[in-house]
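Participant:
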Amino acid sequence: MVSTPTRLQRLTTLASGPLFLLVPFVVFALHQGYALSRPELLVCLAVLTGVGLLLGAAMMRGGQRVHVGLTALLVLVFADFQSGWRIELGAPLVGALVGVAALGWLLREHLGEITSTVLAVALVSTLVVGGRPQPPPESATEPASERRGPLPAPLIHFVLDEHVGVEGIPAEFDPQGERVRALKRDLEDWGFTVFPRAYSRYGTTQASLPNLFNFSERDTRTFESTGKFVEGSSLPSNAYFEEMTRRGYRIHVIQSDFIDFCGTPGEISLASCTTYPLERLAPLQDAPLAVREKVRAIFGMYLRRADLRREIHKRYDRARQAAAGRGWSWPRWPWGGAGRMSALTSMESFEQSLSRIAAVEDGEMIFYHLLLPHFPYTYDAACRVRPGTADWLTRKAPGENTGAARALRYPLYLDQLACTHARLGELFASLDEAGTLARARILLHSDHGSRIDVLAPSVRNQTELSAADYVDTYSTLFAYREPGEPARYDRRVLALGPLFEAWVRGETAQIAGQDDPWVFLADGGRLRRASLPDFGREP
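Numbering (our numbering), first residue to last: 558 to 1096.
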């Protein structure tokens, strides 16, 4: 016989719905350093409370089976947001759901009281303690050792992540060549030697940069020979930093938390290391956006934490693409263009670092891995934040780009590229004003191209790859400025690795151009060579 729930049981069951949704979100917001009193956060909390009350009402009115079933589902959603588990649609998920439901059925008479009490305690303790906010970027500095003899000229080395080469900008998005000429003019005006037809042999950061800084060209997709890349991994070795140390440089690193350049073993004179977190919500607080757009961005970033959401999103978009092929139009997935903060946090890091870079001294090298113009495409050409977060697109639609998806993304990318160079121009002006520009060495390069391709560069796709797919992936930036050297525009086709090594040795004028340039295509866990089509455009 099923007993009639008491008033307390009904109220606690009702309360458990919003508590299941509020607890992980409040932990997330506080961890990100976002004030709960902000209007956009209050809206988020109100939305979650409303949805939670609907779920609580369904559990309260639907009987024990509905109560237990929804509770089991909410427990898995809660775990998805609060843990680092990889949850995928399939038998393991069904098994976990059945197991949680079985436990809930055993506790069904007091299930609402148990869950609401545990969740309420978690919420109150989180609010009292304040969570563990994500710390701001920190710099750990070692004391300078006494050095004798003349010090080398100041060196500023930027890796501008995902920056296409000057002549790799597609003509279809720059038919009059205005963007190519503007980029060429900006770099030459500041005294740079530009290699507009430079290219990377690799299509990923985790393959490109470790090989580049060790003067190697390995044919594996792994970050190091013993395992795959995991975000935050340190380079296993860095021959470039060791060489700069031997030349008398004390190295200051400014990096994201994507790859760690500071934890590499070896004889490296690391003077300081500043790390900025890529996915940090706090910069959104002061962004010039409407409350509804901030709500969209916050929920977008929050929902990106959930593996279940990601799996459902993937399957929906695949079905949407299949429907489009049959002439049916389905709506875009909600928050599909929002949720990535890396452009905001990268720009914040750059602005905070301007004065430090401008104050570089003899014997100092500043190495900066800047995730710009890397997606999401948050800034227009004038460095204004795009007012609609749905336009903060990534380089690909879920799955593969269509021609229309690429055409939507490339102009946004090129605007963010123009913004990046506008900010660099401000830095160069500061260096000039400080009297440092004339004696500083500056290197600008990327790791690969824009990667706004239609087909991924793999052996599996090789017969269908277009010239544009290759250029989008591999054309990359390389430009340097040396004291006393005039600006040059060198149109030789040169691979990034040999070009970088030649720059380190001071031999870029002697390096030979290539008649048959080649790149690596992905082939399972290995890489295979393929010829690179011509991509030179007259500026």
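Cβ coordinates follow ideal geometry from the N, Cα and C atoms, glycine included.
1. Could you work out which residue in V685, Y967, L901, R998 is closest to Y806 when comparing CA atoms only?
2. Less than 9 Å separating the beta-carbons of Y1031 and P1014?
3. Mark G945 as exposed unless 16 or more other C-beta atoms lie within 10 angstroms of its C-beta, in which case mark it buried.
4. Here's a check: name, in chain order, each residue in its chain whose Cβ is nearer than 7 Å to the Cβ of P693, leaving out the five neighbours to either side.
5. Taking Cβ positions, are G604 and L676 nearer each other than 9 Å?
6. Taking 8 Å as the cut-off, does the stretch 991-1010 touch the stretch 709-726 (at least 3 CB pairs, one atom from each stretch)?
7. May I have the straight-line CA-CA distance separating A954 from P933, to the nearest angstrom?
8. Quick check on the burial criterion: 16 or more other C-beta atoms within 10 angstroms. Buried or exposed for S573?
9. Along the beta strand (DSSP E) that carries S829, what are the first and last residues, could you check?
10. So for I726, helix, strand or coil by DSSP?
11. Would you say H926 and I1068 are within 9 Å of each other, going by their C-beta atoms?
12. Looking at V1016: is its Cβ nearer than 9 Å to the Cβ of P1090?
13. By DSSP, does S782 sit in helix, in strand, or in coil?
14. Rounded to a whole number of angstroms, what is the C-alpha to C-alpha distance between L612 and F856?
15. Are there 16 or more other CB atoms within 10 angstroms of the CB of S903, so buried, or fewer, so exposed?
16. What are the start and end residues of the beta strand (DSSP E) that includes E921?
17. With DSSP run on the structure shown, which of helix, strand or coil describes F798?
18. For the alpha helix (DSSP H) containing Q763, list its first residue and its last residue.
19. When the Cβ atoms of the stretch 1034-1048 are set against those of the stretch 743-752, are three or more pairs found closer than 8 Å?
20. Please go through the same chain and pick out, in chain order, the residues whose beta-carbon is closer than 6 Å to the beta-carbon of D1047, but skip the five residues on each side of it.
21. Would you decide whether I550 is buried or exposed? Buried here means 16 or more other CB atoms lie within 10 Å of its CB.
22. Buried or exposed: where does R758 fall if 16 or more other Cβ atoms within 10 Å of its Cβ makes it buried?
23. Skipping 5 residues on each side, what residues in its chain have a beta carbon closer than 7 Å to that of V608?
Facilitator: Well, looking at it:
1. Ranking the options by Cα distance to Y806, first place goes to R998.
2. Cβ atoms of Y1031 and P1014: closer than 9 Å.
3. Exposed is the call here.
4. Reliability fails at P693, whose pLDDT of 49 lies under 50, so the model's placement of it is uncertain and the value that follows must be treated cautiously. If we look at P693 and ignore the five residues flanking it on each side, it has no Cβ neighbours.
5. For the record, residue 604 in the displayed sequence is Val; it is not Gly. No.
6. Enough Cβ pairs lie closer than 8 Å, so yes.
7. Between the alpha carbons of A954 and P933 lies a distance of about 12 Å.
8. By the neighbour-count rule (16 or more Cβ atoms within 10 Å), S573 is buried.
9. Where S829 is concerned, the enclosing beta strand (DSSP E) starts and stops at 827-833.
10. Here I726 sits in coil by DSSP.
11. H926 places its beta carbon 9 Å or farther from that of I1068.
12. The answer is no: Cβ separation not under 9 Å.
13. Since pLDDT at S782 reaches only 44, below the 50 mark, its modelled position is unreliable, and the value read off the structure follows with that caveat. Reduced to three states, the DSSP call for S782 is coil.
14. Using only the alpha carbons, I get a separation of about 19 Å.
15. Per the 10 Å Cβ criterion, buried.
16. In this chain, the beta strand (DSSP E) harbouring E921 covers 921-927.
17. F798: helix per DSSP, three-state reduction.
18. Per DSSP, Q763 belongs to the alpha helix (DSSP H) from 762-769.
19. In the pairwise beta carbon analysis, the stretch 1034-1048 is classified as touching the stretch 743-752: at least three pairs are separated by under 8 Å.
20. Only F752 meet the Cβ criterion.
21. Outside the shown range of the chain, which is 558 to 1096, sits residue 550, and nothing can be said about it.
22. Around the beta carbon of R758, a 10 Å sphere encloses 16 or more other beta carbons of the protein chains shown; the residue is thus reported as buried.
23. Result list for V608: L578, in chain order.
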